[in-house]
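My numbering numbers the first residue of the sequence shown as 1 and each following residue consecutively.
Even glycine gets a Cβ: it sits at the ideal position worked out from N, Cα and C.
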Amino acid sequence: MNPINNIFVVGAGQMGHGIAFVSALNGYNVQLFDMSSDALALAEEKMSTHLQKGLDKGKVSTEQADAFTNNLRTTTSIDDCTSADLFIEAIPEKMSLKKELFKDVDKRLAEQAIIASNTSSLSIHELALSTSRADRFVGLHFFNPVHIMKLLEIIRGPRTSDDTYNRVLAYGEAINKSCITVNDAPGFATSRLGITLGNEAMRMVEQGVASAADIDQAMKLGYGHPMGPLMLTDWVGLDVRLGISNYLYDELSTDTFRPPRILRKMVEAGMLGRKSGRGFYIWENGKAISPNLELPK
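Structure below.
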């Protein structure tokens, strides 16, 4: 089994820079790519903040911090991916965008390089068919914030080889993630269950069963969830949740995944959650400060 040493991450957003951060922190040589130099500068700023907080709390050693600095570099040239053992995509959740990217990089990468998608719901098999290496294609679904969340969902496509699976499993364990394995199916395990709970919570708000805050409190105190399903929807982004829900409804044709009316109305109104400052809660500086009492009817 060829070890993974060099990692190329595409997308300097919340997920991409988080994946680059934990990989470089744990000894991998990492290149973080984005077409925007401004996005890369912001990602570097956020990673520096993560690093300093880790040092302050004693969760990151000075040796790790020094290694991180040496292991990570940023680039605006996709051509730099040629030395990658593992190519990880973390771009917006659109099948056409991802397939276009994979088709392009497939011919640039070394023969044994693995391509991984951070998709939270899209078909790994369909994405893999845009390349010539379906046996070296896999889903690596990280969770936000990557440097804190322990879970890594590994999704095997029908043609993902054992060697590919074993190599990415070793990588996941090396970056201190608890890995679960899921076969390729719409929504995998986590998104399918998460959307089920989130959609039903939204329908309960529509029906006046309880307020968003009380529904969230019920799941936190009654079931031990660290965050209620509606605050989590705000955190992920209502537009993202709507896209996943539409996809699962199209694929599975069950009312469980039919997007709730309130979700559609909130997205149309620009209430996207944390990133827009308003969703089921009012947000300031990335923190929920109060329930939103002006939800659409």
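| Item | Value |
| --- | --- |
| Residue from Q52, G273 and S132 whose Cα sits closest to the Cα of D104 | S132 |
| Integer Cβ distance of L197 from D216, believed to fall under 8 Å | That pair is no contact at about 11 Å. |
| Inter-residue CB distance, F280 and D214 (contact presumed, cutoff 8 Å) | With a Cβ gap of about 12 Å, F280 and D214 do not count as contacting. |
| Boundaries (first-last residue) of the alpha helix (DSSP H) holding Q112 | Q112 -> no alpha helix (DSSP H), and no H or E assigned at all. |
| Run of the alpha helix (DSSP H) containing H17, from where it starts to where it stops | Q14 to L25 |
| Close-in-space but distant-in-sequence residues of the same chain around L272 (CB under 7 Å, 5 per side omitted) | G237, L238, D239 and G279 |
| Alpha-carbon spacing of G189 relative to K287, whole angstroms | Position check: residue 189 holds Ala in this sequence, whereas Gly was assumed. Going by the C-alpha atoms only, they are around 28 Å apart. |
| DSSP bridge partner residues for N183 (one or two, in chain order) | R156 |
| C-alpha distance - L86 paired with L109, whole-angstrom precision | 9 Å |
| C-beta contact flag for L40 and F68 at 8 Å | no |
| Presumed contact (8 Å Cβ cut-off) between P260 and R203, rounded CB distance | 5 Å |
| Helix, strand or coil at R264 [DSSP, three-state] | helix |
| Boundaries of the beta strand (DSSP E) in which L32 is found, first to last residue | N29 to F33 |
| Alpha carbon of M1 to alpha carbon of D163, nearest angstrom | 7 Å |
| Environment of M266 [buried if 16+ CB atoms lie within 10 Å] | buried |
| Coil, strand or helix - A288 by DSSP | strand |
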